[in-house]
Amino acid sequence: MTSRPIDSAGDILPVLSVSDLLSGAPAAAAGLRDHLNLFAGDWWEYADRGSEIFDLLSLSRRRERDAETLSAYLTAYILAFPAIRSVSDIRASFSGPRFFFACTAHTETGETFPVSFQSQ
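Okay, structure coming up:
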């Protein structure tokens, strides 16, 4: 898997050669970040694609016991991303109205990287 690099604002950086592309865990992390940031209905061409986490959050009463269900959903959504083989160290909790999720993603090549998600 390869990916174009982006800057801190999320803008795609120019690539002058193939060696400038991200590969390995950095490319998987970039792709997974985009995968997590695509919400159901956001992409007009494929409205059925994307995470339904915000729909689930709106249905949730935002109790600690709901964190387990939301965590299971996000874990399954992450595992559906082609470059990810498994996840570990899964943590999920609520802090007031905000939902926090974090885990470690394991790529097909055995590399790992941290993953986090926070609702608004």
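Count along the sequence shown from 1, add 2, and you get the number used in this note's numbering. We treat Cβ as the ideally placed atom computed from N, Cα and C, and that holds for glycine. If you're wondering where the values come from, they're calculated on a predicted model, not measured in any experiment.
- Its Cα nearest to that of L72, the residue I92 stands out among I92, T4, V20 and A49.
- Taken through DSSP and simplified to helix, strand or coil, D22 comes out as helix.
- Three or more beta-carbon pairs separated by less than 8 Å link the stretch 81 to 89 to the stretch 17 to 35, which places the two stretches in contact.
- Taking 8 Å as the cut-off, the beta carbon of Y75 is found closer than this to the beta carbon of L58.
- Going by C-alpha positions, I55 is about 37 Å away from L18.
- Per DSSP, reduced to three states, the secondary structure at S73 is helical.
- Distance from the CA atom of L38 to the CA atom of Q120, rounded to whole angstroms, is 11 Å.
- Only residues of its own chain outside the window of five on either side were considered, and among them I86, V89, F115 and V117 have a CB closer than 6 Å to the CB of A107, listed in chain order.
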